[in-house]
Amino acid sequence: MLHFMMWEEPRMVNILSWLFVRRLMVLVAIVALPVTGYAQDATLTGTVTDSTGGVLPGVTVTAIHQASGNTVTAVTDERGAFRLPGRVGNYKITVELAGFTTVNKTVELAVGQTTVTNFQLSAGGVQETITVTGAAPLVDTTKSSMGGTVNPRQMDNIPLNGRNWMDLTLMAPGSNMNAVGDVPTLAVGANSGNYQINIDGQQVTQTMFNTFGQAHFSRDAIAEMEVSGRFDASQGRSSGIQVNAITKSGTNRYEGIYSGFFRSDKFNAPDFINGVTTIGAPVGRSTVGCTIGAAGCNSNVQPYSNQTMTWTYGGPIKKDKIHFFGNYDFSRQPQTYPYNTPYPSFNLDQQFTTWDRKGGGRLDFQLSTQTHLAVRGNHSFYTEPVATGNAGTPVGGNALHPSTPVITERFSNDLFFTLTQVLNNRMLNEVKGGYAGFYWTRTPIVTGWKNHPFGLDVGTPILTFTGPFTIGQAHNNSPQKWGSDPYNIRDDFTLTFNKAGRHIVKLGSEYIADLLNVFVCNICMGQYDMQAVGIPIPANIEQIIPVWNDVNTWNLAALSRNTRNYTVGLGQMKVYNKRQVYSGWAQDNWEFSKVTLSLGLRYDFSTGRELQTAIEPLFGARPSDKTNFGPRLGITYSLNDKTVLRGGYGKYYGAPDDNEAMWTMLYAGEIHPQVNNDGRADFAANPFNGPIPTYAQAMASWQADVASGCAARTGAAGCKFNRIINILSPPNPTTPYSHQGSVGLQRQLGMAISVESDFTINDTRGAQNGQNVNQAFNPATGFNYPYTDRSKKPYPGWDAITMRMRTAAANNYGWQSALTKRMSNHWQGSATYLYSREYDYQSTPRQPGCQYPTTITASGSFTCSVPVVLNEVIADEWYLSTNQRNRFVFNGILDASHGFQVSGIYFFGDNGYNTATAGVDPISSNNAITRVRADGSIIPRNGINNPDLHRVDMRVQKRFRITSRVGIDGIFEIFNAFNHKNFGTFTISETTVARSNGVLHLGSPAFNNLVAYQPRMMQLGFRATF
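Numbering (my numbering), first residue to last: 1 to 1026.
Structure follows, in structure tokens:
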């Protein structure tokens, strides 16, 4: 027997080449050491003049990071200008020149921002020092890109249900998300790479599953964050936004935090969907038709428990020079999934605890006033012992057997260094490098099956009955393990010089080498279609399946009458890929008079072994996309030092999609023969009437069927064909991209408030769109030929072939505004508003390289060179999307008296629209979610107006000071304080509505487990500081 984790290692030549790459990276880093130094999270720049306004060259500008004591210096050039890189935080700035007064000022630097602070020195006969008061400007007069920052106070004190720091991206100007999980934005198409997550300037985004499963970092490890759109050329591999987060570091004081946060169903309101049952029904099992407060219905709180504990500690190893910071936290959530099937012996409660553990550390070395080294590491491990593995599908209930769940685990490790050096007054160089590994596993909970078709010791066959009712693992691709081991090295060089103004030139390059390894049991456990017409589930099913977690006791032969067919996956279920990514960029920010002109160009190129994967006759080896040149243009015009007009344009390419690449390689080495029930009494136990064929035998049999024409004859006895291919790269896999543009203004009001407003355009092109390319269309009906007619398939030996074509597109137009008040008079706050409209593009499935959809000529041959008019449901067209149109978000923090602090966030969103689906398939497209009704009429788009979202989250905390260094905060948080009914999932199938006998209507809400859609919840906590 084999265990699925024990896969074959890559060939030795790959290992040796990989070791060479790693050693090369280390060598580059060592060579770069003499020209590397200070971590550039933010920048301070400005001009020094005398009392007459004349510029002063040769002035020494010294910046001392007040928390750590780190010092960096610069000398003004012939234009009196200076530029200092630095970590985020408060700085004491000292400006001095012999014969002039010395000026001191305190300035706060925020992540990703360039703070402009000018100084004026007065001539003095004797040495004197003047301390200047005043905060840094809120308007960046040299930056045309848009975005928003989450400062340390917000990071620490805004209430978050679940303490996921990524939720704070909802506060950024331009955000169009109602809820987030591991990712900060919605994707156009599948895994289109429209966001990038960077920690301390280094990419940590895994590209195997862009829509979920990113590495976890503790909220207490993040100092602050920036969400940026239309970014400059130094950032890329995102067709949408960049999330730039900075981790916390040690200071000159030993400081620690120990916190606990506790949630319980004792503090929660009943769930709007699952918390309502018919009187007498078990708690937690919903009854359709009941609403809270209705006669005959109970309002039951869903069982819930969650505990989170966090620790941080940091301080100096050597004062002003070497500092450390460490963190660790865990969250545990005990859960119970009950089963209430019609079969008593199947009804048990599966109890388990979900864990989310994460921890890390950081070391900072101030090697000199010009040189800094930072080293950071992080580890996370998430485990959910009972899950279906299918998004949106619950465990338990009346349609699943207790053998269906899988164990889900995600773990990540990363280790990075950042070295930067101020070479002189004009040049700065920074080198970054490291590793960011991510692994994902799903393992069936049932073990010990002695006759697993693939020889594994985990898993069960999948038995799908009418009802629907499923026995055996619900996830047909488990066990599985996805692994990504990327190493990267990056260099950023900044040069400033004066010529017709001031130029700040950024030059850089990056190399990423990623070893990907995947094992997926793609139906290798075998799948039975036991939905034979007129044959009910046997009354003695509990005796046929006597032990829920021991497949060896299951009497499959007794289910032969129910079985229509059997499908099993054969072949190579594990693949390896080495992807290499190369990037280079040049950016010139040219400042003259009141204008800053930003000109940039970026180039990205990637290679991968999947490009050599051939699946004939679909395609052979494919070319790399070598066209990813991304120009950047930005311009700002300063009306004065508090008002700036800004605008710009850029072309932004996404990241390579490893999910698509790995599935393409997997399908190239697999076959999924399907055999129909031949009437034998033991068919279900022995579907092949003998041993299961090998991959070579199955391929030979299938190829013989194709050659003889058997595969094209619908329903022919003994004919076998390949199963559906769900994910396949196209022959020319180009990189999705977007055109982003904006024009707007930013204005500072007084000393504490700024406002901004921008009109934005984001046009996405070439995004991934999964389409079945193995179908032809009937000009007479305007629809596809029936899915079941294999003679009408261009590739009759195959079933559906879903290629991720690059045909998805969208045009988004928006107006985003924000008002920000920094902390003054004991409070701070910010508000954002967004109005947007998006138009999406629907494209007809076409075979690769075809101008028109495939049709059939009079002679029976396939052609795609003839135009054809298709029904509007599948024809090419632009249409108004269902996305949200209006949203408003406000957050604030109030430092009240007597140690009290109050903070909160209000969220409003119109929640967009939905388009109903028919729930039937009258055109035999193998898709029951189209807009075609049984009578042939077409359902109009955007016919369901989803109810608005309103949510208020609040926190109240009280500080109890024990000593000058030790204190405890008592924390009370309430989420969805007014218990507004917020929903994120809705009933949109007309067939489902019809079956409910009028209880449901189109747009009826359904359960969604994201915290944004939960009823009122409370959390108690404490935070001890020492």
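Backbone N, C-alpha and C fix where the C-beta goes; we use that ideal spot for every residue, glycine too.
All values derive from a computational prediction rather than experimental measurement.
Practice task
Might you give, ordered along the chain, the residues of its own chain that have their beta carbon closer than 6 Å to the beta carbon of R561, omitting 5 neighbours on each side?
Solution key: Taken in chain order, the residues that qualify are I535.
Exercise for the section: Can you give me the Cβ contacts of V107 inside the same chain, cut-off strictly under 7 Å, excluding the 5 residues immediately before and after it? Expected result: Cβ within range, chain order: L44, Y91, I93, T115, T117, A136.
Handout entry: A655 versus L1020, N104, S238, G112, residue with shortest Cα-Cα distance
Key = The shortest C-alpha separation from A655 is found at S238.
Problem - Span of the beta strand (DSSP E), counted from its first residue to its last, around I471 - result: 469-471 is the span of the beta strand (DSSP E), which, as asked, contains I471.
Practice task
Work out the CA separation of Q113 and D140 for me, nearest whole Å.
Solution key: Looking at the two C-alpha atoms, the distance is approximately 8 Å.
Practice task
Could you tell me whether the segment 215-227 touches the segment 297-314, where touching means 3 or more Cβ pairs closer than 8 Å?
Solution key: The segment 215-227 and the segment 297-314 touch, with no fewer than 3 CB-CB distances between them shorter than 8 Å.
Exercise for the section: Can you grab the Cα-Cα spacing for the pair T36 / K506, in whole Å? Expected result: Only weak support is given to the placement of T36: the predicted model assigns it a pLDDT of 34, under 50, and the question is left unresolved by the model.
Exercise for the section: Measure the C-alpha to C-alpha separation of L601 and D895 and round it to an integer number of angstroms. Expected result: So the two alpha carbons sit approximately 45 Å from each other.
Exercise for the section: List the DSSP bridge partners of M146. Expected result: As a beta-bridge residue in DSSP terms, M146 pairs with G229.
Handout entry: Same chain, Cβ closer than 7 Å to F759, neighbours up to 5 away in sequence not counted
Key = S742, V743, G744, W815, listed in sequence order.
Practice task
Using the Cα positions of A1006 and F986, report the straight-line distance between them to the nearest angstrom.
Solution key: Roughly 5 Å between the two C-alpha positions.
Exercise for the section: Would you tell me roughly how many angstroms separate the C-alpha atoms of G396 and P546, rounded to the nearest one? Expected result: Whole-angstrom Cα-Cα distance: 18 Å.
Practice task
Would you identify the three-state DSSP class for S1027, choosing helix, strand or coil?
Solution key: Outside the displayed range of the chain (1 to 1026) lies residue 1027, so it cannot be described from this structure.
Practice task
Look up Q370 in the DSSP assignment and say whether it is helix, strand or coil.
Solution key: In the structure shown, Q370 adopts coil according to DSSP, grouped into three states.
Exercise for the section: State the DSSP-derived secondary structure class of R790, mapped to helix, strand or coil. Expected result: Helix.
Practice task
Using the Cα positions of H3 and L456, report the straight-line distance between them to the nearest angstrom.
Solution key: Because H3 sits at a pLDDT of 44, beneath the cut-off of 50, its placement in the model cannot be relied upon, and the following sentence gives the value as read from the coordinates. Those two C-alpha atoms are separated by around 5 Å.
Handout entry: Cα-Cα separation, V581 to F592
Key = Using only the alpha carbons, I get a separation of about 36 Å.
Exercise for the section: Note the first and the last residue of the continuous beta strand (DSSP E) segment covering V644. Expected result: Start and end: 643-653.
Exercise for the section: Just the C-alpha distance for L33 and W702, rounded to the nearest angstrom, thanks. Expected result: Unreliable placement is indicated for L33, whose pLDDT of 41 sits below 50; the coordinate value is still reported in the next sentence. Cα-Cα distance, rounded: 59 Å.
Exercise for the section: Look at the Cβ atom of P1015, then the Cβ atom of A179, and state whether they are nearer than 8 Å. Expected result: No, these two residues do not count as a Cβ contact at 8 Å.
Problem - Enclosing alpha helix (DSSP H) for W663 [first to last residue] - result: Its alpha helix (DSSP H) spans residues 658-668.
Problem - Contacts around I615, its chain only, beta-carbon distance under 8 Å, and the 5 residues preceding and following it disregarded - result: If we look at I615 and ignore the five residues flanking it on each side, its Cβ neighbours are T664, Y667, A668, L728.
Practice task
Label G361 either buried or exposed according to how many other C-beta atoms from any shown protein chain fall within 10 Å of its C-beta, with 16 as the threshold for buried.
Solution key: G361 should be labelled buried.
Exercise for the section: Would you kindly check if the distance between the Cβ of N565 and the Cβ of N451 is under 8 Å? Expected result: The Cβ atoms of N451 and N565 do not sit closer than 8 Å to each other.
Practice task
Please name the residue, chosen from N628, Q242, P316, that lies closest to R765 on a Cα-to-Cα basis.
Solution key: Taking only the C-alpha atoms, the option nearest R765 is N628.
Exercise for the section: For G467, collect the residues of the same chain with a Cβ closer than 7 Å to its Cβ; drop the 5 residues on either side in sequence, then sort them by chain order. Expected result: Once the five neighbours on either side are set aside, the close Cβ partners of G467 are A399.
Handout entry: Local Cβ density within 10 Å of E510, reported as buried at 16 or more and exposed below that
Key = Around the Cβ of E510, a 10 Å sphere holds 16 or more other Cβ atoms; the residue is buried.
Handout entry: Closest by C-alpha distance to Y833, when choosing among T854, I874, F411, F908
Key = Nearest option by C-alpha distance: F908.
Problem - Burial state of I974 (16 or more Cβ within 10 Å) - result: Burial is judged here by how many other beta carbons sit within 10 angstroms of a residue's own beta carbon; I974 has at least 16 and is buried.
Exercise for the section: Give me the Cα-Cα distance between T447 and A707, rounded to the nearest whole angstrom. Expected result: When only Cα atoms are considered, T447 and A707 end up about 41 Å apart.
Practice task
Consult DSSP for D265 and reduce its assignment to one of helix, strand or coil.
Solution key: D265 falls in the helix class under three-state DSSP.
Exercise for the section: Just the C-alpha distance for Y906 and P152, rounded to the nearest angstrom, thanks. Expected result: Approximately 19 Å between the Cα atoms of the pair.
Exercise for the section: Answer yes or no: do P159 and G904 have a C-beta to C-beta separation smaller than 8 Å? Expected result: Going by C-beta atoms, P159 is nearer than 8 Å to G904.
Problem - CA-to-CA distance, S859 to M803, given in whole angstroms - result: If you take the alpha carbons of M803 and S859, they lie about 28 Å apart.
Practice task
Taking only heavy atoms of the ligand GTP into account, decide whether any of them is closer than 7 Å to the Cβ of G608.
Solution key: With respect to the ligand GTP, the structure shown offers nothing to examine, as it has no ligands at all.
Practice task
Compute the Euclidean distance between the alpha carbons of L870 and F783, then round it to the nearest angstrom.
Solution key: Their Cα atoms are separated by approximately 6 Å.
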